[in-house]
Structure formats: C-alpha cells, structure tokens
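A short worksheet on the structure shown next.
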Amino acid sequence: MTTTLPAYDEVVARYEPVIGLETHVELGTNTKMWCGCPTDFGGEPNTRVCPVCLGLPGSLPVANKAAIEATIRIGLALNCSIAQWCRFARKNYFYPDMPKNFQISQYDEPLCFDGYLDVEVNGETVRIGIERVHLEEDTGKTLHVGGATGRIHGATESLVDYNRAGIPLVEIVTKPIPGTGALAPEVARAYVTELRDVLRSLGVSDVRMEEGSLRCDVNTSLNLPGEEWGTRTETKNVNSLRSVERAVRSEMLRQASVLDAGGRITQETRHFHEDTGDTTPGRSKETATDYRYFPEPDLVPLAPDPAWVAELKAALPELPRLHRRRLQQAWGLSDADMQSVLNAGAVELIEETVAAGATPAAARKWWLGELSRRANETGVELAEVGATPAQVAELQGLVDAGKLNDKLARAVLEGVVAGEGSPTEIMGARGLEVVSDTGALTAAVDEAIAANPEIAEKIRSGKVAAAGALVGAVMKTTRGQADAKTVRELILTRLS
Ligand SMILES: [Zn+2]
Numbered sequence: 452m453t454t455t456l457p458a459y460d461e462v463v464a465r466y467e468p469v470i471g472l473e474t475h476v477e478l479g480t481n482t483k484m485w486c487g488c489p490t491d492f493g494g495e496p497n498t499r500v501c502p503v504c505l506g507l508p509g510s511l512p513v514a515n516k517a518a519i520e521a522t523i524r525i526g527l528a529l530n531c532s533i534a535q536w537c538r539f540a541r542k543n544y545f546y547p548d549m550p551k552n553f554q555i556s557q558y559d560e561p562l563c564f565d566g567y568l569d570v571e572v573n574g575e576t577v578r579i580g581i582e583r584v585h586l587e588e589d590t591g592k593t594l595h596v597g598g599a600t601g602r603i604h605g606a607t608e609s610l611v612d613y614n615r616a617g618i619p620l621v622e623i624v625t626k627p628i629p630g631t632g633a634l635a636p637e638v639a640r641a642y643v644t645e646l647r648d649v650l651r652s653l654g655v656s657d658v659r660m661e662e663g664s665l666r667c668d669v670n671t672s673l674n675l676p677g678e679e680w681g682t683r684t685e686t687k688n689v690n691s692l693r694s695v696e697r698a699v700r701s702e703m704l705r706q707a708s709v710l711d712a713g714g715r716i717t718q719e720t721r722h723f724h725e726d727t728g729d730t731t732p733g734r735s736k737e738t739a740t741d742y743r744y745f746p747e748p749d750l751v752p753l754a755p756d757p758a759w760v761a762e763l764k765a766a767l768p769e770l771p772r773l774h775r776r777r778l779q780q781a782w783g784l785s786d787a788d789m790q791s792v793l794n795a796g797a798v799e800l801i802e803e804t805v806a807a808g809a810t811p812a813a814a815r816k817w818w819l820g821e822l823s824r825r826a827n828e829t830g831v832e833l834a835e836v837g838a839t840p841a842q843v844a845e846l847q848g849l850v851d852a853g854k855l856n857d858k859l860a861r862a863v864l865e866g867v868v869a870g871e872g873s874p875t876e877i878m879g880a881r882g883l884e885v886v887s888d889t890g891a892l893t894a895a896v897d898e899a900i901a902a903n904p905e906i907a908e909k910i911r912s913g914k915v916a917a918a919g920a921l922v923g924a925v926m927k928t929t930r931g932q933a934d935a936k937t938v939r940e941l942i943l944t945r946l947s
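Numbering (our numbering), first residue to last: 452 to 947.
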C-alpha cells in the first residue's frame, strides 16, 4: 500500500474511535492447567509434557485449583462478579501447536464477569469496563526453520514444542471503550500498564510482555459522530506497552484512510510489526459459531464456594492505585511530582530506598536525577541501571554523615554503577572521602592565603564574605575533597 495516511489530528476531528482490549496472562502456577507438568520458562523442547497435555487418547484433565484461585483473585481485583456455577467449554479448531485439536476454554459461562478498572490518563480517571475474565489453556509453540526470517515463508521445515501447551492462561476482555477521542491510544496503554501492575501486585504472573506471559490483542474501529460503531479489526502480536499505543494509533490512521477513500473496513485480525509500527492483514476473523463451542464433557462444572470467594476477597493486597496514592501522601509529593516518579518507573525503587533508610526526598533526588540521566544515556530501564536501592541508601548515609559531599557522592555513584562495589568500598578504594582533619587541611589553607594576599587582607580587615574565594581555592587544590565548613573555619581563625 502506498496511500499516504491522513494526519492524526484530522482523523480524530472527523471520526470517533472505539477500542477494546483482550489480554492473555500466563499464570505463574507451578504446574499446568490439567496435569502435573512443570510450567517454568525455557527447558529443552518437549521435555515438560505428559499424555494429558499432549492430548493422547484416553487421558483425562483435572483442573488446577491454584489456577482457579488466581483467576478468582484477578476477577475480584477487577471488581467483577464471580460465577457461582460455570463450565469449561471446548473451542474446536485445528492448529498444529494444539495437540487435542480443541482448546479447553470458557464460552458463555466465564468464571468472572462485569467488572471495571480505573486508570489515570493526563490526570483524569477513565473507568474501563471489564466484560469477562475466564480461564483456558495455552497452546504449544511452532518453530519454522531453514528460512531467513523464522517465518513460515521460506522455511524448509516446522517443529513444534509442547512445553507451553496446557499452561493456565487467563483471558481478560474489556467492554468496548468509546468516547476517548484523540486519547484512545494513551487510554489503551494506560489500561494495559495498570492491568499489569494489578496482576503483579496479586503475584499471579510474572507479567513479562517480552517473554509472552502477558500478551495483548487490540480491537479498534472508527465511526462518524452520531453514527453506529464501525467494523472493528483485531491487532495481534502486540508485545510491549509502547506497541499497544502505537498499534491503536496506526490502525486509526489506516482505517481513516480506507474510509476517506469510500472503502469498507474488513473484520479481520491484523499483525502488528514492531519495526515499522504498522499492521498487515492476517486471517479474516472467525465468529464464535466457527468454533463449535460445547461444554467440556471431561470436566465437572466449577462451583466456587461463596465463603472461599469472600475469603479471597478479604485477603486481596493493596491495589496499585491505592498504594500509589498512599505513597504520594507519605512522600509529600504534588500530583505533578508523583507523575514524574511514575513516568520514570521509579515508584518501587524509591520505596525500597526509603525502606533501606534514606529520606523520600533524598531517594527521589538520586533516582530521578543522576540515575535517570544515566539510564536515558545508556538506554536501559531505571531498575537495570546498575545501582540497587540499598546502595543508594548507603550512599546517602555517607552524605548525611559528612563523609561525602554532593560532588564526591556522584563520583562514588559512578563507581557503583560500574560495578566496583558498595559505596563505602568505592569511597575507600578511590580515596574519595571528604577531608575534615584540620592537620591535613592547614597546609592547603596556608598555601591559599599565601597565593591570594589581597583577598587575605580584605578578610583581615573584616570582610568575612571574601573567605568564599579562598575556600574555592582550597577545594581546587584538594580536588573537591576538603570539608568546606572546616576550611572556612580554618581561614577565619588564621586571618582573625
Ligand atoms: Zn502434562
């Protein structure tokens, strides 16, 4: 396609977007959904399999209680109702990475339904309706070899690895989200970010988008104001928060250009490409009837005891939004300051630094200042920058004890980031400690007085403010290591 895309501002002036998000989360249970096979990532292909997850004839599934518990907890955290009785269903389709030729999922009786998640976008709260949260099993993985791209085109053979087959997978589906206008891409990103944080706080998944334990499909449609919602497309393969935002934006632009030209949007799945940021068509979208759903005959219905559900609800951890609000208050930050902490991805780092003994202000200063700058320069996440919260707290402790000044502390931090050891070790090894011993400083002070007779004379005649220039001279000869307060006292004593 060589058509030029319209400008984003023009698109949102003419069309109203409706978005929707389907998120798949691999649960962090020890064993698979229907059998006792281990679930850890990696491992030689086809070593974590058994007759059940290989779909061999005669094998029978048994539901994993930990997975059901995790799903109910997710539903509760998303303000859903929990079904008192529901069934698993067979979703029938053929795919080589699915050994049974059907997936055990849930259809019209999801375990959790009708909830919401509040997210913040530009300081405003947007309530995202949650349609359903259901439990299913993951598929295996197909590997295409012999070609240059790893795709099926050009490959000489395809291999299949069933280690992932049968890992419990939770699908979280939003209700359609209309009315977000130009902010639609940011709302989509904010939702997935908040959802990830909720799942992390529940401890139900490691929520790593890059390893595929959190995967997102993005539905997008456009309509003219006052008219019915348009035909939607479903963009797959969206595996980073940034891509969620880009995928919505790119699909809005593409659909607008089709509609502007008098064309129609085809209901289809589309693939998102990280490199170009655009989407290409996949298969035309199946409807539910294509899957011939029917209740899974090998499993008993699920009927979670309401007392158990109430117990799980009472034991939910503090959810991220409330947690952030509490921290903001405790740290005494304005909304804007808290936002910059959030944008920097520094909430937990600051929290842990404070827990290790630093004041909130000092912790924030290091993480948002020197360490953010370094993370930006080297293109890594703040958490991967090379300093730990404990080290930052230790560094600040040395500053508070007068052993380091600001400049020396930055030099020590450089050593920490370079992996030279703890702040105390680096201070010793690099000889960076503040010198406040009067004996050692007297010589440098006398030297400065001798080199600056006019300034010395001014101080003798009572112009104490002139002492700053001599302090500067001493700092220079001691490479910034002199304790400025002691130096000043020495100068004034010498010249009084
Ligand atoms: Zn198995």
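Ideal placement from N, C-alpha and C gives every residue a C-beta, glycine not left out. Please read all numbers here as calculations on a predicted model, not as lab measurements.
Residue(s) in a DSSP beta bridge with residue i
i	result
Q554	K542
I877	Looking at the DSSP assignment, I877 forms no beta bridge with any residue, so it has no partner.
R578	D569
A933	V886
C504	Paired residue(s): none; C504 is not in a bridge.
H585	E622
R721	T686, P732
F745	R541
E467	N674
E608	V596
P489	T482
S532	F564
I603	Paired residues: none, contrary to the question.
V476	V621, L665
L753	C537
I430	Absent from the model: residue 430. The displayed extent of the chain is 452 to 947, so no value can be given.
Selection from the options that minimises the alpha carbon distance to residue i
i	options	result
T480	E588, V469, T576, Y466	E588
T730	G714, T740, T684	T684
S873	G837, A814, T889, Q790	G837
D548	E719, E645, G617	G617
E622	A633, S664, G654	S664
T625	R602, E832, I519, E582	E582
D559	T740, E821, V792, T607	T740
R881	L859, A891, T893	L859
R659	K909, R775, H475	H475
R825	V805, R861, L846	R861
E769	L505, L529, D657, D749	L529
D612	M926, C501, E908	C501
T682	A935, E719, A766	E719
A933	A920, L892, A916	L892
I976	R615, V886, T482, T686	Residue coverage of the chain in this structure runs from 452 to 947, which leaves residue 976 outside it and unanswerable.
S735	P748, I716, Y744	I716
D460	G632, L610, S947, T875	G632
G913	N614, I801, R945, G890	R945
A869	D857, E835, I942	E835
L819	T810, V792, E828	V792
P457	E871, A712, G526	A712
P840	G808, R499, N827, E608	G808
D668	V570, A698, D657, E645	A698
Cβ-heavy atom distance, residue i to ligand 2, below 6 angstroms
i	result
R772	Ligand 2 is not among the ligands present in this structure, which contains only ligand 1.
Can you find at least 3 beta carbon pairs, one from the segment 841-860 and one from the segment 896-911, that sit closer than 8 angstroms? Segments in contact, no.
Margin query: Counting beta carbon pairs with one atom in the segment 554-567 and one in the segment 577-591, are three or more of them shorter than 8 angstroms?
Written below: A contact exists between the segment 577-591 and the segment 554-567.
Open item on the list: For the segment 596-606 against the segment 574-582, do three or more pairs of beta-carbon atoms, one drawn from each stretch, fall closer than 8 angstroms, so that the two count as touching?
Closed with: With a cut-off of 8 angstroms, the segment 574-582 and the segment 596-606 do not count as touching, because too few Cβ pairs lie within range.
Give the residues whose C-beta lies closer than 6 angstroms to at least one heavy atom of ligand 1, in chain order.
Any residue whose Cβ sits closer than 6 angstroms to a heavy atom of ligand 1 makes the list: K483, C486, C488, V500, C501, V503, C504, G617.
Next on the checklist: I want to know whether the segment 673-689 touches the segment 458-469 - three or more CB-CB distances under 8 angstroms.
Outcome noted: Contact between the segment 673-689 and the segment 458-469 is present, because at least three Cβ pairs lie under 8 angstroms.
query: Counting pairs of Cβ atoms below 8 angstroms between the segment 484-501 and the segment 719-728, do you hit three or more?
result: These segments do not touch.
For the structure I just gave you, are there three or more beta carbon pairs, one from the segment 632-642 and one from the segment 503-516, closer than 8 angstroms?
The segment 632-642 makes no contact with the segment 503-516: fewer than 3 CB pairs, one atom from each, lie closer than 8 angstroms.
So, does the segment 490-506 touch the segment 534-542, judging by three or more C-beta pairs under 8 angstroms?
The segment 490-506 vs the segment 534-542: no contact.
Exercise for review: Evaluate contact between the segment 699-717 and the segment 645-653, counting only Cβ atoms and requiring at least three cross-stretch pairs below 8 angstroms.
Suggested key: At 8 angstroms Cβ cutoff, the stretches do not touch.
Fill in: Three-pair Cβ contact test at 8 angstroms for the segment 512-532 versus the segment 741-756
Cβ pair count under 8 angstroms is three or more, so yes.
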